[in-house]
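Q: The structure is given below, and queries will be raised subsequently.
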Amino acid sequence: MNDRDALAARLATEFRARLGRPPAGVWAAPGRVNLMGEHTDYNDGLVLPFALDSATLVAVAPRDDDLLTCLSLDRPGVAALRTGDLRPGAVTGWPAYVLGALWALGWPQARQPGLDIVVTSQVPPGAGLSSSAALTCAVTLAAAELAGLEPDRTTLAAAARRAETDMVGAPVGIMDQMAAMHGQTDHALLLDCRSLTFEPVPLPGQDSGLALLVVDTRISHAHADGGYAQRRTACEDAARTLGVQALRDATLTAVETTLVGEQRRIARHVVTEIERVRTAVTALRHNDLTGLGEIFAASQASMRDDFRISCPELDLAVDTLLDAGALAARMTGGGFGGCTIALLPDAAVPTATTAVTAAFKTRGLTPPRAFKTRPSHGATRVC
Ligand code: ADP
Ligand code: MG
Numbered sequence: 002m003n004d005r006d007a008l009a010a011r012l013a014t015e016f017r018a019r020l021g022r023p024p025a026g027v028w029a030a031p032g033r034v035n036l037m038g039e040h041t042d043y044n045d046g047l048v049l050p051f052a053l054d055s056a057t058l059v060a061v062a063p064r065d066d067d068l069l070t071c072l073s074l075d076r077p078g079v080a081a082l083r084t085g086d087l088r089p090g091a092v093t094g095w096p097a098y099v100l101g102a103l104w105a106l107g108w109p110q111a112r113q114p115g116l117d118i119v120v121t122s123q124v125p126p127g128a129g130l131s132s133s134a135a136l137t138c139a140v141t142l143a144a145a146e147l148a149g150l151e152p153d154r155t156t157l158a159a160a161a162r163r164a165e166t167d168m169v170g171a172p173v174g175i176m177d178q179m180a181a182m183h184g185q186t187d188h189a190l191l192l193d194c195r196s197l198t199f200e201p202v203p204l205p206g207q208d209s210g211l212a213l214l215v216v217d218t219r220i221s222h223a224h225a226d227g228g229y230a231q232r233r234t235a236c237e238d239a240a241r242t243l244g245v246q247a248l249r250d251a252t253l254t255a256v257e258t259t260l261v262g263e264q265r266r267i268a269r270h271v272v273t274e275i276e277r278v279r280t281a282v283t284a285l286r287h288n289d290l291t292g293l294g295e296i297f298a299a300s301q302a303s304m305r306d307d308f309r310i311s312c313p314e315l316d317l318a319v320d321t322l323l324d325a326g327a328l329a330a331r332m333t334g335g336g337f338g339g340c341t342i343a344l345l346p347d348a349a350v351p352t353a354t355t356a357v358t359a360a361f362k363t364r365g366l367t368p369p370r371a372f373k374t375r376p377s378h379g380a381t382r383v384c
């Protein structure tokens, strides 16, 4: 039995203990790491995420009445709401992700039955690994299957996103939900966030002697406040100044000649980052790891100096990983904390992990958490 199956069994046991009957099933959806393309999703650009091998699990059973209840094994608070009362603003805190997913699926209009939902997760929350999309996607898939709905996974991803944008009030893009729904083992997903078309891109597999290492700085970001929303607005302003629908449509020449100051920096990151997604895919397809390392370094510099979403802890982790033998390393996710992702020889993982821990300790920082991950498949029914 692997970790996920064991956790699913424990979740089903907890469900039965707390609700007095077994769940109808347990569903799982993974967190994600983005390899390239930060803050490009809401600019209609390209991204290159992969689904993690850690997931959020939900145990769900229909009820005889119209009550929707949810509880999490990982945090306090329970929510209970009549289906007819489900609307934006009716629920706050973490249950907004769960009930928001039902609202986005049209649960009230379809007069679907009440549900009991119990949640637990392997994805650390607030670390930039998208525990939020893992949660909304797991609920969305579970509810759709229980209701006998058969929308395609992209439609489910869009519903999961609406849970976050409309119910939670976090202005997120579509990348996380698409990765959680469409992830494939040992592949990243080259996703066009305008057309929502995607293609799998092979990543070095287990026999390559390479490993993907995530370092969680444990500096927690908070998407709902400040920086993320500010960058988003700044991107929209820059697109308006340039007279384009989204920054995806802007050229670097137009950015450099038309924009000034902060708008220029912001737009330059987005335009060059979209191009880096393309070049990173080419490098991966040609197994050009030196080239990939250079593209990662350019991305890290752009996020640090132009878009200004890195932080000293992320910069320190990236620099230390590179010194310890990583072939490519950069921060990943929305920024202001969260994680780095690095590709390195498997044999270098222990040294790199020790080096990062020591570097943080020397500076009196909270010990980071490093773990190897493997690109995994998207949301699924576990049992
Ligand atoms: P990230 O998606 O990067 O992990 P977010 O701030 O977008 O960070 O989402 C984290 C939020 O998702 C948590 O604050 C909580 O509301 C919700 N969440 C994630 N995992 C769980 C869980 N296991 N139980 C309850 N809520 C969770
Ligand atoms: Mg999130």
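Residue numbers (the numbering used here): 2 to 384. We put the CB at the ideal spot given by N, CA and C, even for glycine.
Excluding the 5 residues preceding and the 5 following residue 369 in the sequence, name in chain order all residues of the same chain whose CB lies nearer than 8 Å to its CB.
A: Excluding positions up to five away in sequence, the list reads 216, 217, 218, 219, 314, 318, 357, 358, 361.
Q: Let's see if you can read the secondary structure: which residues bound the beta strand (DSSP E) around residue 28?
A: Looking at the DSSP string, the run of the beta strand (DSSP E) that includes residue 28 is 26 to 35.
Q: Flag residue 28 as yes when its Cβ comes closer than 6 Å to any non-hydrogen atom of the ligand ADP, and as no otherwise.
A: No - the ligand ADP has no heavy atom lying nearer than 6 Å to the Cβ of residue 28.
Q: Helix, strand or coil for residue 251? Go by DSSP, reduced to three states.
A: If DSSP states are grouped into helix, strand and coil, residue 251 belongs with coil.
Q: Could you say which of 74, 363, 39 lies nearest to residue 13 if we only look at CA atoms?
A: Closest by alpha carbon: 74.
Q: Under DSSP, the beta strand (DSSP E) around residue 332 begins and ends at which residues?
A: 329 to 333 is the extent of the beta strand (DSSP E) around residue 332.
Q: Once the 5 residues before and after residue 142 are set aside, which same chain residues still bring their CB inside 7 Å of it?
A: The residues are 28, 30, 157, 380.
Q: By DSSP, does residue 225 sit in helix, in strand, or in coil?
A: Reliability of the predicted coordinates at residue 225 is poor, the pLDDT of 40 falling under 50, and no value is obtained from them.
Q: What's the gap between the Cα of residue 112 and the Cα of residue 66?
A: Rounded to whole angstroms, residue 112 to residue 66 spans 11 Å at the Cα level.
Q: Name the residue from 327, 374, 248 whose alpha carbon lies nearest to the alpha carbon of residue 352.
A: Cα-wise, what sits closest to residue 352 is 327.
Q: Measure the alpha-carbon distance for residue 15 versus residue 57 and round it to whole angstroms.
A: One C-alpha to the other measures close to 15 Å.
Q: With three or more beta-carbon pairs closer than 8 Å as the criterion, would you say the segment 191 to 207 touches the segment 125 to 138?
A: Flag = no, the segment 191 to 207 and the segment 125 to 138 do not touch.
Q: Does DSSP put residue 357 in a helix, in a strand, or in coil?
A: Helix.
Q: Can you grab the Cα-Cα spacing for the pair residue 371 / residue 339, in whole Å?
A: Whole-angstrom Cα-Cα distance: 12 Å.
Q: Which residue wins for smallest C-alpha separation from residue 171, given the options 207, 243, 90, 296?
A: Out of 207, 243, 90, 296, 90 has the C-alpha closest to the C-alpha of residue 171.
Q: Quick check on residue 138: does DSSP put it in helix, strand or coil?
A: In the structure shown, residue 138 sits in a helix (DSSP, three-state: H, G or I).
Q: So, helix, strand or coil for residue 46, using DSSP?
A: Residue 46: coil per DSSP, three-state reduction.
Q: Looking at the ligand ADP, does it come within less than 6 Å of residue 69, judged from the CB to the closest heavy atom?
A: Because no heavy atom of the ligand ADP lies under 6 Å away, the Cβ of residue 69 does not count as near it: no.
Q: Quickly, what does DSSP pair residue 340 with across the bridge? List them, please.
A: Note: residue 340 sits in a beta bridge opposite 217, 333.
Q: Hey, quick one: how far does the alpha helix (DSSP H) through residue 279 stretch, first residue to last?
A: Note, residue 279: alpha helix (DSSP H), 262 to 286.
Q: Can you check whether the CB of residue 333 is closer than 7 Å to the CB of residue 34?
A: For residue 34 and residue 333, yes; Cβs fall inside 7 Å.
Q: Give me the Cβ distance between residue 294 and residue 329, rounded to the nearest whole Å; I'm assuming they're in contact under 8 Å.
A: Between residue 329 and residue 294 the Cβ distance is about 4 Å, and since that is below 8 Å, they are a contact.
Q: Quick one: what's residue 51 bridged to in DSSP?
A: DSSP, once it has assigned bridges, lists 34 as partnering residue 51.
Q: Residues around the ligand MG, please: the condition is that the C-beta lies closer than 5 Å to some non-hydrogen atom of it.
A: Selection output, chain order preserved: 131, 133.
Q: Taking the alpha-carbon of residue 323 as reference, which of 337, 312, 310, 301 has the nearest alpha-carbon?
A: Ranking 337, 312, 310, 301 by Cα distance to residue 323 puts 301 first.
Q: According to DSSP, residue 193 sits in a beta bridge with which residue or residues?
A: For residue 193, which the question treats as bridged, DSSP gives the partners 47.
Q: Kindly examine the ligand ADP and report whether one of its heavy atoms sits closer than 6 Å to the Cβ of residue 260.
A: It does not: the Cβ of residue 260 is nowhere closer than 6 Å to a heavy atom of the ligand ADP.
Q: Residue 118 by DSSP, collapsed to three states: which one?
A: Residue 118 falls in the strand class under three-state DSSP.
Q: Less than 7 Å between the C-beta atoms of residue 1 and residue 155, yes or no?
A: A query on residue 1 cannot be resolved here, the shown segment of the chain reaching from 2 to 384 and no further.
Q: Considering only the alpha carbon of each residue, which of 70, 211, 122 lies closest to residue 7?
A: If we check each option's Cα against that of residue 7, 122 comes out closest.
Q: Quick check on DSSP: helix, strand or coil for residue 14?
A: Helix, per DSSP.
Q: Tell me which residues share the same chain as residue 377 and place their Cβ nearer than 7 Å to its Cβ, disregarding the 5 neighbours each side in the sequence.
A: Closer than 7 Å at Cβ, skipping near neighbours: 31, 52, 53, 54, 184, 186.
Q: When the Cβ atoms of the segment 243 to 255 are set against those of the segment 227 to 234, are three or more pairs found closer than 8 Å?
A: No, because fewer than three Cβ pairs between the segment 243 to 255 and the segment 227 to 234 fall closer than 8 Å, the two stretches do not touch.
Q: On the criterion of 16 or more Cβ atoms from any shown chain inside 10 Å, does residue 46 qualify as buried, or is it exposed?
A: So residue 46 counts as buried.
Q: Cβ atoms of residue 108 and residue 84: under 7 Å apart, would you say?
A: Closer than 7 Å, so yes.
Q: Identify every run of the alpha helix (DSSP H) within the segment 55 to 116, keeping only runs that are complete inside it and at least 4 residues long; order them along the chain.
A: For the segment 55 to 116, whole alpha helix (DSSP H) runs of length 4 or above, ordered along the chain, are 96 to 105.
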